Amino acid sequence: RKEVEQDPGPFNVPEGATVAFNCTYSNSASQSFFWYRQDCRKEPKLLMSVYSSGNEDGRFTAQLNRASQYISLLIRDSKLSDSATYLCVGNAGNNRKLIWGLGTSLAVNP
Amino acid sequence: GAGVSQSPRYKVAKRGQDVALRCDPISGHVSLFWYQQALGQGPEFLTYFQNEAQLDKSGLPSDRFFAERPEGSVSTLKIQRTQQEDSAVYLCASSDRTSLGTQYFGPGTRLLVL
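Order-wise, the sequence lines are chains A and B. Residue numbers for the first sequence follow our numbering, so the first one is 5 and each next one is one higher. Residue numbers for the second sequence follow our numbering, so the first one is 213 and each next one is one higher.
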């Protein structure tokens with residue numbers, strides 16, 4: 005079982021839809037979590053960090069549930085430009101090594 | 213620009229050939245990471261440097277893989293006697309001392325072993 009698991013999708017949604025991705029992690033010692041975005045044939049880029057209290061950045065909301073060991077990403081009012089793979093990432097305990105999920109593919113259709 | 217750069221961007225190697233992949237991190241970034249990403253997969257950790265010290269190489273798949281960062285800046289990932297299963301994108305990322313999870317990635321080197 006991978007340490008960070010995501011539904012690979014693909015998620016196909018119309019423009020303007022709200023879509024949510026979930027991610028689960030197995031290492032209870034993991035302290036920090038992140039969502040990265042990766043466009044086709046490009047490198048990953050940090051989308052947002054995930055805090056226990058939940059955090060919002062424009063149309064994007066990330067939440068962390070430590071008790072259930074899952075992380076979520078909510079995208080509201082989807083845009084065509086949101087089409088990408090979204091990678092859930094956690095750190096391996098208290099060091100700098102990051103553990104990556106396989107990614108969830110999102111296609112926003114006109 | 214001031215981002216992470218990698219070279220070559222593309223490499224085709226014959227099985228058994230040695231290859232060397234280079235990474236230039238963002239100036240001043242103490243941490244440098246190498247990842248391997250196969251098609252349709254997330255990045256898989258290979259190794260991590262803090263300055264010139266290789267603190268974690270647990271992800272290197274075999275002793276054919278070797279990485280170094282002798283002066284704490286540029287890093288080289290070397291693969292000896294390449295095999296077809298080594299075909300992947302090799303990503304380099306760097307981060308500064310203060311940001312645990314913010315890693316800045318280079319464009320990657322696409323390696324194809326024939």
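Just so you know, even glycine gets a beta-carbon here, dropped at the ideal spot from N, CA and C. In this text, all values refer to a predicted model and were calculated from it rather than measured experimentally.
Contact between the stretch 51-64 of chain A and the stretch 215-230 of chain B is absent: fewer than three C-beta pairs spanning the two stretches fall below 8 Å. Boundaries of the beta strand (DSSP E) harbouring B:D236: V231 to D236, taken from the DSSP string. The beta carbon of B:R276 lies closer than 7 Å to those of I291, Q292 and R293 in the same chain, with the five residues before and after it left out. Contact between the stretch 24-35 of chain A and the stretch 63-77 of chain A is present: 3 or more CB-CB pairs across the two stretches fall below 8 Å. At least 8 Å separates the beta-carbon of B:S285 from that of B:Q262. The stretch 83-96 of chain A and the stretch 27-39 of chain A touch, with no fewer than 3 CB-CB distances between them shorter than 8 Å.
The Cβ of B:Q296 sits no closer than 8 Å to any Cβ of chain A. With a minimum length of 3 residues, the unbroken runs of beta strand (DSSP E) contained wholly in the stretch 20-97 of chain A fall at 23-29, 37-42, 49-54, 59-61, 64-69, 74-79 and 88-95. With contacts defined by Cβ atoms closer than 8 Å, B:L289 and B:V224 do not form a contacting pair.
Secondary structure of B:Q315 (DSSP, three-state): coil.
Shortest Cα-Cα distance from A:P48 to any of A:P114, A:A96, A:T108 and A:D11 involves A:T108. B:E280 sits in a strand when the DSSP states are folded into three classes. In the DSSP assignment, A:V8 falls within the unbroken beta strand (DSSP E) covering V8 to Q10. Closest by C-alpha distance to B:G240, out of B:G228, B:E280 and B:A214, is B:A214. Not a single C-beta of chain B is nearer than 8 Å to the C-beta of A:W39. When only Cα atoms are considered, B:L233 and B:R309 end up about 24 Å apart.
A:R41 and B:T314 have their C-alpha atoms roughly 12 Å apart.
Remark: C-beta atoms of A:S34 and A:G105 do not approach each other more closely than 8 Å. Distances from the alpha-carbon of A:F15 to those of A:N69, A:R45, A:S72 and A:S82 put A:S82 closest.
For a Cβ distance threshold of 7 Å, residue set L303, F317, G318, P319 and G320 of chain B lies close to A:E47, ordered along the chain.
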